[in-house]
Each structure stands twice: as C-alpha cells, then as structure tokens.
Amino acid sequence: MKSPLVSYFRRIPEARIEEFLRKGYKKRHFFPHKIYYLRKCGPDGFKLANWMQGQCNLDQLWEIVIYADSPVIDEFPQALFFDDDVIWHQQQFGKSGQVATANLVRAGNSLYSMVHISDLVQRISRRREFKTRIENRFKGWSHILLNSILNFAIENDIATIHSPVSDWALANTDPKRTVQRELFERVYDWSLQQNFVALREGNWWTWSVAENRDRAIIAEPGQEVLQNGKIVCVCHDIERGFGHVETDPDFAALADKTCPNNLRQMLRIEKELSVKATYNVLGCFMNEVRATIEADGHCVAFHSYDHKINTDQLPNCREIDYRIKGYRPTQSKITAELTDENLCFHNFEWLASSAYSLGLSSPIMEKRIVKIPIRFDDFDLYKGKVDFEGWSREAINTINESDFVAFCLHDCYGSFWLPRYKDFLGQIVQFGKLKTLNEVSNEVILAHSA
Numbered sequence: 001m002k003s004p005l006v007s008y009f010r011r012i013p014e015a016r017i018e019e020f021l022r023k024g025y026k027k028r029h030f031f032p033h034k035i036y037y038l039r040k041c042g043p044d045g046f047k048l049a050n051w052m053q054g055q056c057n058l059d060q061l062w063e064i065v066i067y068a069d070s071p072v073i074d075e076f077p078q079a080l081f082f083d084d085d086v087i088w089h090q091q092q093f094g095k096s097g098q099v100a101t102a103n104l105v106r107a108g109n110s111l112y113s114m115v116h117i118s119d120l121v122q123r124i125s126r127r128r129e130f131k132t133r134i135e136n137r138f139k140g141w142s143h144i145l146l147n148s149i150l151n152f153a154i155e156n157d158i159a160t161i162h163s164p165v166s167d168w169a170l171a172n173t174d175p176k177r178t179v180q181r182e183l184f185e186r187v188y189d190w191s192l193q194q195n196f197v198a199l200r201e202g203n204w205w206t207w208s209v210a211e212n213r214d215r216a217i218i219a220e221p222g223q224e225v226l227q228n229g230k231i232v233c234v235c236h237d238i239e240r241g242f243g244h245v246e247t248d249p250d251f252a253a254l255a256d257k258t259c260p261n262n263l264r265q266m267l268r269i270e271k272e273l274s275v276k277a278t279y280n281v282l283g284c285f286m287n288e289v290r291a292t293i294e295a296d297g298h299c300v301a302f303h304s305y306d307h308k309i310n311t312d313q314l315p316n317c318r319e320i321d322y323r324i325k326g327y328r329p330t331q332s333k334i335t336a337e338l339t340d341e342n343l344c345f346h347n348f349e350w351l352a353s354s355a356y357s358l359g360l361s362s363p364i365m366e367k368r369i370v371k372i373p374i375r376f377d378d379f380d381l382y383k384g385k386v387d388f389e390g391w392s393r394e395a396i397n398t399i400n401e402s403d404f405v406a407f408c409l410h411d412c413y414g415s416f417w418l419p420r421y422k423d424f425l426g427q428i429v430q431f432g433k434l435k436t437l438n439e440v441s442n443e444v445i446l447a448h449s450a
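Reading the sequence shown from the start, the letters are residues 1 to 450 in this note's numbering.
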C-alpha cells in the first residue's frame, strides 16, 4: 500500500485577531483562514508572468490560495463555494471556503505577485441573498492576501517583493472584461499602502521584506492527509466517429449514428450505481453534450478539438471553454504542441495519456502540470484481439493489483462492452475509491503544496 498523500498549509485562527489589531489592521478586515502555497500556475499565470514580469520558466511559478476557516465558513452553505457562476476561476481544489488567490513568480531573491483575485467577493452579486454577509465577512481579503504573500517571502528568504500598481494590473487585464478602476486601486494600491511600506518603481510597488517583516502576521504551519488506499478512475473518450473517418469510414458512419444512444446508456448505468466518471469530449461538439454529462456530477475534459493529430488543438479547445481543467490527447500521442509550457499557457492543470506515453504508473506533478497515466482502454475489443470476458478479466486483475488505475472506454466502441457494463462496473466499485480525474489532480496539486 502506498503512503498517504499529505498537504501542507499555514493557518491564522480566530484567536489571532488581537495580533492583527495591534499591527494596525481593521477588525472588519480579519477572518480566520488557511493559506496554501501551490506549485502551479494560477489563472493565466504563465501567460501574465511573461507579459508583466518577463520571460520565466515554469518552475518559478507559484499560486497562493486563501481559504476561510471555521467558524466564519460555517455561516454559509458549502454549495456556495462551488457555484461556478461565483467562483469563476474554480481554484478550490475540492476544498470548501476558497476566498482569494494570487499568482507568484520567484526570480532569485525577488518575488513578483500579480493577479490578486477574490471571485467570492467580486462576483457574489450573482447570489444576492448572500451578498451583504459575504462582503461584510470577507471585505479584508486583499489585506489577508498581501500578508500571505509576505509570509511566503519570509519563509523563502526573499529580499524584495514586487506587486503591480493598479494601472499595470489593468493594462494586463482581458480587454473583454468590464472592470472598475476603483476596485483595482483598492486591491493593488490602497490595501498595500495601508499596512506595508512600499515604493513605486515604474509599473511595480517594491517592498523590502526586511523593512516589512515586523508588520507580518506569521501563520502557523499545519498539514492534513488527503487520501490513502486504492484509487480507480472510470473515464470515457467521447469522439463519435471522428477517430475512424480515415481508417474505417464505414465504422465511423455507424458510430455517428449509435454514439448518442451509447452516451445515454453510459450515463444511465453510472447513475444507477452512483459512479462519477470523467468524460473526455471532443471540443467540436462539447457544447452539445456537456450539460447532460455534468447534470449527473461527472467531470468533463477535452479529448482534443476534432481528433486530428498534426494540427494545433489547444487554442481551438479554449475557444469552446476557458475553464475546463483537463486534456486527453488523441490516441495518447504526445505531439509537439503538448509541451508543459503550452498546457500551462492555455490554463490546463492536468494531462491524461497512456501509461506508456507518459512512462508512469501513478499520477505525478511535473513542471506545474499533473500527469495522469491511463492503464488500459477498449481498443483491443474493437480490433477483435480479445473478447469481453478476456478483456474484463485482465482489467479486474490490473485494478486488483494496483494502487492507482485509470482506464478509458469509448462511446464509439460501446457495442462491445455496454451490454455487460453494469456488471463490470458493479465489480469495480468494490475494489477502491472511485474518483474523477479532476479529483485526482486536485489531490496531487495539494500534495505538492509547500
């Protein structure tokens, strides 16, 4: 049995409020919280780091994530913290109470921070029944975030912090967004000047860690066990006939006709067994099927845009949706496009491909991307190399002997396995904890917290 995954965090509990007040903070700006230092790119982190700070490599990038802690978090329903209309950037990593994030770039003994965000506070008007209470409880999020950045700098022997002035942050904000200058001034200028000593140097506020050390509220270290035991991930590649247009056009035509019903059967069976799966869907018809898949609590990811191998796929996928976290390449081929840098640039957090293509037997985090191996699929059923009895026997043996197994079943091959799917799935649920690839990625990211 493998060792359990453990995450590390910093905590400032409610009992520390008097220390906040002594150091000049307003009582209304305090809330108990946990701080996570994550070895990953935040939203648009790699893209903006290169635009705002200059060329950097992935290993320099970090994300700070702030979660509200008890008792304040207990005042609100957990579902609020997972409302995609409110928490737009979806940086919860499966944990309730996520309030704010910041992107960091470590450059030698300097630290650059950028993109200070609180979706919860800034988008709570979409849930007006909670608006007043959320704004009252968490109005100090930008102060908490700046103190967390200073904590990170102190722990990592950083000499100087550079945070953007509001004009620079505005200049690098998506022009399609409607933004309020006053909000940017409050977050990037006023909050900093209220509690810390900083000098403006061009587009950046520069603050000496030594000069501000006595202004920091030092957070307490903590840790938590994330998982222990066998993990099984049921995945589906939803591609209709696109994967066989050139190699088997008759089969492709048949698949285009049968796959919609196959998808309905897959969802029905999984609902009956309370199984949550990961559906890797072609981007070109993602919007046709996504709502139906997500209605039952399943995870969706991209399985390329149109199943073509020698063309760029990532930008086209992002034209369909900007927030989907995962990518599964066509035929598990790691093309020249699928570099870690490109995946990060396009805001992907995980890549799932065959165990052979990744050289892995269990998930890892590498260069800010979670890599998830797919142990087997149903291609041999289609090719007639094995019947269902032999295939399922080998699948069960693999799952039984492994701590982690993710496998993929195709909608286009449904005729080979759907008649026996309920029985097969019923056996699998007895072996271990079933998780989606988003859940696996979340745990791996948290397990790489510092």
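Positions of the beta carbon are idealized from the N, C-alpha and C atoms, including for glycine.
Predicted model only: the values in this text are computed from it and were never measured.
For residue i, three-class secondary structure by DSSP
| i | result |
| --- | --- |
| H162 | strand |
| F193 | The residue asked about is misnamed: residue 193 is Gln in this sequence, not Phe. Q193 falls in the helix class under three-state DSSP. |
| R177 | coil |
| N438 | helix |
| L38 | strand |
| E201 | strand |
| L183 | helix |
| T311 | coil |
| Y322 | coil |
| I17 | helix |
| G241 | coil |
| L425 | helix |
| A301 | strand |
| A219 | coil |
| H29 | helix |
| I334 | coil |
| S361 | coil |
| A277 | coil |
| F285 | helix |
| F9 | strand |
| E224 | strand |
| T292 | helix |
Selected residue, minimal CA-CA separation from residue i, among the options
| i | options | result |
| --- | --- | --- |
| L425 | V370, A395 and N442 | A395 |
| D69 | Y36, C41 and R375 | Y36 |
| L183 | G229, R133, R123 and G241 | R123 |
| V300 | T339, E272, A352 and T258 | A352 |
| V209 | F152, D306 and S357 | F152 |
| I309 | M286, I320 and A336 | A336 |
| H410 | G243, K257, R126 and Q427 | G243 |
| D423 | I445, L446, E389 and K435 | E389 |
| R137 | S362, S118 and P363 | S118 |
| T436 | G108, A406 and K383 | A406 |
| R323 | L338, D85, P71 and S148 | D85 |
| Q90 | P43, G54, S125 and L199 | P43 |
| P363 | N57, L170, I372 and R128 | I372 |
| Q193 | E246, N228, L146 and N203 | L146 |
| E201 | D167, W391 and P221 | D167 |
| F30 | S354, R290, S110 and G140 | G140 |
| R186 | N172, S142, P221 and G229 | S142 |
| D340 | P221, D59 and N438 | D59 |
CB contact flag (residue i, residue j, <8 Å)
| i | j | result |
| --- | --- | --- |
| Y413 | D378 | yes |
| A100 | L150 | no |
| F251 | N280 | no |
| S3 | E224 | no |
| R11 | A450 | no |
| F317 | T278 | As written in the sequence, residue 317 is Cys, which differs from the Phe given in the question. Contact flag unset, no. |
| T398 | R375 | yes |
| K325 | W350 | yes |
| E272 | D296 | no |
| V440 | I231 | yes |
| L226 | E366 | no |
| R213 | I154 | yes |
| M286 | D256 | no |
| P32 | E18 | no |
| P329 | S304 | yes |
| L5 | A291 | no |
| Y67 | G94 | no |
| H116 | Y188 | yes |
| D306 | L282 | yes |
| E220 | V197 | no |
**Q.** Segments of 4+ residues assigned as alpha helix (DSSP H) that fall wholly inside the segment 124-153
**A.** Fully enclosed alpha helix (DSSP H) runs of 4 or longer: 128-138.
Q: May I have a chain-ordered list of the alpha helix (DSSP H) segments no shorter than 4 residues that lie completely inside the segment 363-414?
A: Correct list: 379-383 and 388-401.
**Q.** Any 3 or more C-beta pairs closer than 8 Å across the segment 331-345 and the segment 33-48
**A.** Yes, they touch.
Q. At a cut of 8 Å, does the segment 404-420 reach the segment 251-267 through at least three beta carbon pairs?
A. Enough Cβ pairs lie closer than 8 Å, so yes.
Q: Note down, one range per segment and in chain order, each beta strand (DSSP E) of at least 3 residues found wholly within the segment 49-124.
A: Here the runs fully enclosed are 61-68, 98-107 and 110-117.
Q.
Is it the case that the segment 49-66 contacts the segment 96-116, given that we only count it when at least three CB pairs across the two stretches are under 8 Å?
A. Per the Cβ contact rule, the segment 96-116 is in contact with the segment 49-66 (3 or more Cβ pairs under 8 Å).
Q.
So, does the segment 424-444 touch the segment 130-148, judging by three or more C-beta pairs under 8 Å?
A. Short answer: they don't touch.
Q) Taking one C-beta from the segment 20-36 and one from the segment 171-187 each time, how about it: are there three or more such pairs within less than 8 Å? A) Counting Cβ pairs under 8 Å, fewer than three are found: no touch.
Q) Any contact of the segment 159-166 with the segment 69-80, i.e. 3+ C-beta pairs under 8 Å? A) Judged by Cβ distances under 8 Å, the segment 159-166 makes no contact with the segment 69-80, as fewer than three pairs qualify.
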